[in-house]
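One structure below.
Residue numbers (this note's numbering), protein chains in the order written: chain G, 416 to 882; chain L, 416 to 882.
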């Protein structure tokens with residue numbers, strides 16, 4: 416039976432009298448059909464999930480996420496489920512939900528389990544896990560993307576309308592691009608980090624995977640809320656998206672700055688999307704992306720890797736074999752780094768940030784390819800480092816520069832692989848990005864299916880049909 | 416002959432027909448009388464100064480600092496004068512003024528020389544210099560304070576109406592307190608750091624010494640201005656001071672948090688100042704200062720000392736004997752610090768900052784003793800570290816917490832030593848502090864000299880009579 420995979424569809428189904436128990440049952444059947452042991456590290460037992468579904472009682476439209484099942488990356492606490500961050504020796508058993516999960520539960524949502532990830536959220540590929548690698552939902556030959564691999568895949572399969580990831584280098588965007596869904600990386604500090612295993616504590620945020628922009632933004636709006644107990648929280652609100660800009664001024668990487676590592680179809684896909692934007696009134700300006708690339712480079716080559724080390728230093732010294740060998744190699748580099756290196760990196764970032772801010776000053780937002788190219792699982796087996804680094808080309812700089820980002824699917828490429836671009840805005844511009852990204856997905860849908868009816872009016876929501 | 420030592424007096428003198436040449440001549444005579452070889456590391460030759468005075472031409476009241484001589488701490492560039500930061504081997508010969516100095520010069524001010532300092536602005540005592548130690552302007556037995564020792568002393572002597580210092584740990588406040596003058600430490604980033612030798616680049620600011628609050632604020636307003644070339648500049652304006660608060664809500668360290676290291680007169684002086692504030696309508700609330708003390712502790716014990724090391728690492732490794740032995744010992748600690756230490760310190764600071772922000776939330780500003788006690792030059796000769804640390808008790812946390820501060824003289828203590836308190840406000844509250852500090856100095860003056868006429872109306876400026 417059909418499983419509604421957008422919030423609007425699910426809500427409509429509940430209003431029509433379908434029960435959460437029925438949805439939960441269908442969801443578990445769908446998961447069994449998919450038969451991918453790599454998606455969940457911990458799936459709640461069916462009996463408990465059905466009991467939680469029943470406990471919701473009668474449909475309560477006042478609760479914005481009433482009866483919405485969701486999946487949670489296994490570096491975010493859910494009360495009663497283990498949190499391992501993909502490392503058994505690291506496992507903790509939280510008695511309380513992460514701050515953001517608690518807010519979602521309060522709104523009526525039901526966490527169904529903890530998803531697989533690149534261990535300690537360190538990676539963009541999804542293959543750096545001691546568990547089976549989740550299969551990419553669209554093409555099992557290509558990597559699922561990471562680090563939020565399981566969360567992206569389970570949403571791409573239409574099992575749940577949304578799932579939580581985290582995003583430091585691009586872990587909430589790269590897997591969205593590889594699985595053809597939406598990935599929303601909010602402004603740093605908008606969503607509490609309470610109950611989240613840090614990767615780089617100064618650069619982390621919870622992120623959302625969903626089937627459309629509206630759902631991702633709505634979920635984020637429910638999660639967001641100032642948490643005084645989180646030293647990195649900021650008093651930001653996820654304001655309702657504003658009206659679209661009639662002629663958005665968009666900056667894109669200029670020809671010399673674009674990097675596709677030989678994937679010409681990806682270059683064509685990006686050009687086609689810019690053409691769509693232009694046709695819809697956008698002013699597109701190519702800019703030198705050199706400083707953004709320089710910032711991206713700093714995330715793993717610079718002292719910030721010491722932030723990752725700070726999370727696992729004790730474990731790494733006492734029980735190194737408990738850590739995935741690639742993760743150990745990547746994070747182990749922090750051992751040789753001095754406080755001098757750290758501050759020199761901080762200074763260099765401040766200077767590059769100033770430069771990037773100036774480059775962005777005349778524009779409403781940036782649009783970049785979400786990923787420069789695709790990589791297969793075989794590519795990663797042959798070289799676990801280089802493809803991972805390349806995948807972060809258009810994502811790694813975003814949190815270092817305190818920007819927000821929204822990854823959206825666009826028309827599939829000629830070879831059928833998912834097209835994707837990412838909109839990037841200034842801190843706090845989450846609502847603006849949602850409006851613009853939503854308009855882009857409508858425009859792209861219009862091109863991909865020219866027989867479709869006219870563009871919906873502004874007060875309608877564009878609903879992807881799936882499932 | 417009399418040398419006007421406030422901007423208003425000097426301006427009035429110029430309006431009356433006195434020439435900059437006459438002022439410059441009197442100033443040089445005064446300096447000769449003081450006969451302290453420790454104040455200046457480099458004093459411009461008289462001929463040049465007189466020529467610059469003459470070059471100003473006719474009095475131009477449109478230039479806010481027309482004909483105002485000032486001194487510059489020797490870690491700030493003045494074109495044509497060497498910058499040594501108190502270390503001969505480090506000396507550079509800048510061809511251009513520091514950004515802030517250029518703005519002052521544009522307003523008509525004339526830099527007369529470069530003042531002595533604790534080498535590399537590392538210290539709060541003024542004794543950590545290879546040059547003669549500047550004599551405290553009020554009592555040669557006590558230390559002049561640092562690191563901006565020469566700048567504070569020269570203003571306290573009435574030689575110039577203002578001088579520039581820098582402030583990282585308290586270098587713009589401690590020497591103001593020890594010499595009985597005003598020390599203004601603006602919000603970080605309000606004044607460009609362009610052309611300044613860094614101490615801790617993330618925590619440094621230029622500061623101003625003056626005889627009254629109005630002068631300090633006016634000078635700061637001229638210097639402030641966004642410098643896009645300084646990665647740590649912020650687009651703040653030194654707004655004109657607002658109207659005074661009728662009943663300011665002031666937080667002060669509670670009894671258990673106050674530290675005077677045995678100096679009971681300092682405790683009495685602080686109590687008397689609070690009593691004055693209370694009588695003028697302030698609501699004084701003692702708060703737990705523990706988290707502020709914890710932050711203060713981090714500045715030299717934590718990884719931030721690696722910022723100082725980053726400035727002199729090459730020199731320290733190649734030519735260690737070129738560096739003052741105490742400075743070398745203090746900064747050398749950075750060699751053993753890792754990037755892990757740096758990020759753990761950054762996290763701890765973020766948590767303490769959150770705590771401190773919450774403690775300050777219900778108050779307009781803080782008032783603290785500027786220094787906990789006095790130390791003699793003999794004390795420093797016996798132990799060059801502990802007295803220095805203690806002097807930072809009420810200053811070290813301010814830049815780490817991104818606050819602004821204004822140090823003002825209050826009634827002298829029973830033993831004749833200068834009384835001083837410091838007002839501390841949130842980032843950007845520089846104007847608010849100026850208003851409140853100005854009112855406090857008027858109130859204190861009223862108490863110290865009960866025969867004085869009634870408090871001036873709000874639109875009058877309180878002018879200290881001196882020199």
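Glycine residues also receive a C-beta, built at the ideal position from the N, C-alpha and C atoms.
Keep in mind the model is a prediction, meaning the values are calculated, not measured.
In the structure shown, residue 810 of chain L adopts coil according to DSSP, grouped into three states.
Neighbours of residue 817 of chain G across chain L, judged by C-beta separation under 8 angstroms, do not exist; the nearest C-beta is about 14 angstroms away. Neighbours of residue 759 of chain G across chain L, judged by C-beta separation under 8 angstroms: 725. Nearest Cα to residue 683 of chain G within the set G:463, G:830 and G:851: G:830. Residue 766 of chain G belongs to the set of residues whose beta carbon lies under 7 angstroms from a beta carbon in chain L.
For residue 706 of chain G, the enclosing alpha helix (DSSP H) covers residues 705-716.
Buried is the label assigned to residue 569 of chain L, since at least 16 other Cβ atoms lie within 10 Å of its Cβ.
Within the segment 825-867 of chain L, the complete alpha helix (DSSP H) segments of 4 residues or longer fall at 845-863, listed in chain order. For residue 779 of chain L, the CB contacts under 8 angstroms within the same chain, skipping 5 residues up- and downstream, are 660, 663, 664, 665, 840, 847 and 851 in chain order. With three or more CB-CB distances shorter than 8 angstroms, the segment 598-610 of chain L counts as touching the segment 809-824 of chain L. Closer than 9 angstroms at the C-beta level to chain G, one finds these residues of the segment 638-663 of chain L: 643, 644, 645, 646, 647 and 648.
Contact of residue 626 of chain L with chain G by beta-carbon distance below 8 angstroms is absent, the smallest such distance being about 35 angstroms. Judged by DSSP secondary structure, residue 732 of chain G falls within the alpha helix (DSSP H) whose first and last residues are 720-733.
When the five nearest sequence neighbours on each side are left out, the beta carbons in the same chain lying within less than 6 angstroms of the beta carbon of residue 768 of chain L are those of 816, in order along the chain.
Among the residues of the segment 608-620 of chain G, those with a Cβ less than 8 angstroms away from any Cβ of chain L are 616 and 617, in the order of the chain.
The Cβ-Cβ distance between residue 615 of chain G and residue 581 of chain G does not fall below 7 angstroms. Counting along the chain, the unbroken beta strand (DSSP E) around residue 698 of chain G starts and ends at 698-702. Shown here, residue 457 of chain G sits in a strand according to DSSP, grouped into three states. When L:482, L:476, L:532 and L:610 are compared, the shortest CA-CA separation from residue 523 of chain L is found for L:482. Counting only unbroken stretches of 3 or more residues, the beta strand (DSSP E) elements lying wholly within the segment 649-702 of chain G are 664-668 and 698-702, in sequence order.
The beta-carbon of residue 716 of chain G is placed no less than 7 angstroms from the nearest beta-carbon of chain L.
Under DSSP, the beta-bridge partners assigned to residue 485 of chain L are L:526 and L:577.
Identification of chain G residues near residue 749 of chain L by a Cβ-Cβ cut-off of 7 angstroms yields 754 and 755, ordered along the chain.
In the three-state reduction of the DSSP assignment, residue 501 of chain L falls in the coil class.
Going by beta carbons, residue 607 of chain L and residue 676 of chain L fall outside the 7 angstroms limit. The beta-carbon distance between residue 727 of chain L and residue 746 of chain L, rounded to whole angstroms, is 7 angstroms. This is short enough to meet the 8 angstroms contact definition.
Annotation: residue 488 of chain L to residue 450 of chain L spans about 19 angstroms, alpha carbon to alpha carbon. Between residue 754 of chain L and residue 756 of chain G, the C-beta spacing is below 7 angstroms. In this structure the segment 517-532 of chain L lies against the segment 448-462 of chain L, because at least three pairs of beta carbons, one per stretch, are closer than 8 angstroms.
In the three-state DSSP reduction, residue 784 of chain G falls in the strand class (E or B).
Following the DSSP letters along the chain, one finds residue 437 of chain G inside the alpha helix (DSSP H) bounded by residues 435-449. Residue 602 of chain G is positioned such that its CB atom lies closer than 7 angstroms to that of residue 845 of chain G.
Excluding the 5 residues flanking it on each side, residue 709 of chain L has same chain C-beta neighbours closer than 6 angstroms at 767, in chain order. In terms of CA proximity to residue 480 of chain L, L:435 leads the group L:435, L:446 and L:509. Separation of the CB atoms of residue 642 of chain L and residue 633 of chain L is rounded to 20 angstroms, and the pair is thereby denied contact status at 8 angstroms. With distances taken between CA atoms, residue 542 of chain G lies nearest to G:797 out of G:797, G:855, G:466 and G:716.
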